[in-house]
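Encoded as structure tokens, the structure appears first; notes follow it.
In the numbering used here, the protein residues as written are 182 to 553.
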């Protein structure tokens with residue numbers, strides 16, 4: 182049985198880690214690690230599709246261990262790809278960061294195709310790293326045939342459903358697992374989003390239904406042809422029907438998420454810079470070949486690599502050394518001088534947590550939650 186002491190330990194570690202992040206604002210607190218660049222699916226709205234056509238080497242566990250030792254206070258690690266579950270040693274990666282980086286939270290984004298393998302990987306995650314709060318996000322962009330059509334492979338919806346069922350059984354036994362469903366809103370499903378959302382919350386006991394607007398250089402050029410007001414509709418629908426479960430920090434997390442979505446909505450409506458982004462400082466991305474970028478948006482909309490900050494292999498896998506390099510400083514300066522801005526949610530979480538500009542908005546959303 183899950184007890185309050187286990188929840189309390191996870192909550193306290195996260196709060197302490199968050200506080201340490203304030204003491205060193207130039208050291209990343211959020212790392213997205215691309216563990217590979219291979220995938221079984223061919224999604225029409227994928228921003229990484231072209232990179233998955235190129236054969237590259239991937240960081241091995243020894244290289245990842247060296248990287249982890251240069252990130253001593255990691256609040257959030259997200260493992261992505263490609264499809265992360267295709268990496269056979271995936272279950273070892275969170276253990277490395279838990280040991281060397283004081284990792285608090287880990288998210289794995291998966292298409293859910295390899296149900297039994299994913300079940301085994303997740304069971305290893307949560308049992309071998311009891312002080313890390315895990316979130317597994319299953320992609321679901323439609324119901325039944327619509328999902329299969331968007332994802333490009335018949336049967337992908339049924340596999341995602343099977344994976345969800347296996348993961349719910351694990352979640353019932355541990356205190357450190359959240360199960361989310363993520364829907365990417367694109368031209369191919371925006372009119373169906375309400376039906377998709379209602380089906381999901383009715384049929385699956387998930388912790389969160391997460392949505393995001395398609396972004397980057399998509400596989401199909403028309404994927405981003407979406408009326409902006411559909412994001413507002415989706416955002417409001419999710420907030421209205423949300424059912425908070427008994428995970429530590431669920432209420433606080435939902436308040437931060439609401440603030441992030443408000444900012445994405447503002448960005449979509451105004452297409453304007455309102456603050457300096459934390460990409461390249463509090464937020465960083467490492468690709469499977471060791472290349473480091475402040476943000477996947479900058480990386481995937483350009484072909485010449487001008488926004489790469491360097492490769493870890495050239496800095497003995499020391500992220501702090503790389504970020505102090507002239508090249509990295511130039512990229513960070515570009516972000517600030519160009520007033521770079523976009524709708525990418527992940528760095529906005531760091532913006533909301535570490536930029537005082539957002540504290541009044543956090544307070545406002547907290548009051549809304551109390552009133553409700």
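All C-beta atoms, glycine included, are put in the ideal place defined by N, C-alpha and C. A quick note: this is a predicted structure, and the numbers were derived from the prediction, not measured.
C-beta neighbour in chain B for residue i, strict 9 angstroms
| i | result |
| --- | --- |
| residue 475 | The structure shown contains no chain B; it is built from a single protein chain. |
Unbroken alpha helix (DSSP H) run spanning residue i, endpoints
| i | result |
| --- | --- |
| residue 392 | Where residue 392 is concerned, there is no enclosing alpha helix (DSSP H), although the beta strand (DSSP E) it sits in stretches over 389-394. |
| residue 349 | 337-352 |
| residue 254 | Element bounds for residue 254: n/a, residue is neither H nor E. |
| residue 417 | 410-422 |
| residue 540 | 540-552 |
| residue 371 | No alpha helix (DSSP H) holds residue 371; DSSP gives it neither H nor E. |
Whole-angstrom distance between residue j and residue i, CA atom to CA atom
| i | j | result |
| --- | --- | --- |
| residue 416 | residue 442 | 7 angstroms |
| residue 193 | residue 256 | 12 angstroms |
| residue 501 | residue 252 | 8 angstroms |
| residue 523 | residue 297 | 37 angstroms |
| residue 197 | residue 290 | 25 angstroms |
| residue 222 | residue 552 | 44 angstroms |
| residue 190 | residue 311 | 10 angstroms |
| residue 457 | residue 494 | 29 angstroms |
| residue 389 | residue 322 | 15 angstroms |
| residue 423 | residue 435 | 9 angstroms |
| residue 278 | residue 195 | 14 angstroms |
| residue 146 | residue 487 | The displayed coordinates of the chain run from 182 to 553. Any statement about residue 146 would go beyond what the structure contains. |
| residue 229 | residue 401 | 12 angstroms |
| residue 397 | residue 477 | 8 angstroms |
Bounding residues of the beta strand (DSSP E) (the contiguous stretch that carries residue i)
| i | result |
| --- | --- |
| residue 260 | 257-261 |
| residue 229 | Careful: residue 229 lies outside any beta strand (DSSP E) and carries neither H nor E. |
| residue 525 | Here residue 525 belongs to no beta strand (DSSP E), and DSSP marks it neither H nor E. |
| residue 314 | 314-320 |
| residue 363 | 358-366 |
| residue 289 | 286-291 |
| residue 380 | It is not in any beta strand (DSSP E) - residue 380 instead sits in the alpha helix (DSSP H) that spans 374-384. |
| residue 464 | 464-467 |
| residue 474 | 472-474 |
| residue 215 | 211-215 |
Candidates the options, of which the one nearest residue i by Cα
| i | options | result |
| --- | --- | --- |
| residue 406 | 453, 188, 226, 500 | 226 |
| residue 299 | 321, 270, 279, 326 | 270 |
| residue 393 | 384, 449, 421, 353 | 449 |
| residue 410 | 400, 451, 403 | 451 |
| residue 513 | 525, 313, 490 | 490 |
| residue 317 | 265, 337, 332 | 265 |
| residue 211 | 537, 539, 541, 533 | 533 |
| residue 473 | 285, 404, 239 | 239 |
| residue 292 | 200, 267, 520, 540 | 267 |
| residue 385 | 506, 376, 446, 360 | 360 |
Beta-carbon proximity check, residue i vs residue j, cutoff 9 angstroms
| i | j | result |
| --- | --- | --- |
| residue 509 | residue 471 | no |
| residue 543 | residue 440 | yes |
| residue 142 | residue 459 | Any property of residue 142 remains undetermined from this structure, which presents the chain solely from 182 to 553. |
| residue 319 | residue 382 | no |
| residue 295 | residue 313 | no |
| residue 260 | residue 288 | yes |
| residue 364 | residue 374 | yes |
| residue 281 | residue 205 | no |
| residue 307 | residue 358 | yes |
| residue 366 | residue 303 | no |
| residue 220 | residue 263 | yes |
| residue 305 | residue 272 | yes |
| residue 479 | residue 516 | yes |
Residue i: CB within 8 angstroms of a non-hydrogen atom of the ligand NAP
| i | result |
| --- | --- |
| residue 287 | Of ligands this structure carries none, so the ligand NAP is not represented either. |
Check whether the segment 204-215 touches the segment 461-477, counting contact only when three or more Cβ pairs, one atom from each stretch, lie closer than 8 angstroms.
yes
With a threshold of 8 angstroms, are at least 3 pairs of Cβ atoms found where one atom belongs to the segment 341-351 and the other to the segment 236-251?
no
Quick one: any contact between the segment 325-342 and the segment 363-371, if contact means 3 or more CB pairs under 8 angstroms?
yes
Three-pair Cβ contact test at 8 angstroms for the segment 514-530 versus the segment 542-549:
no
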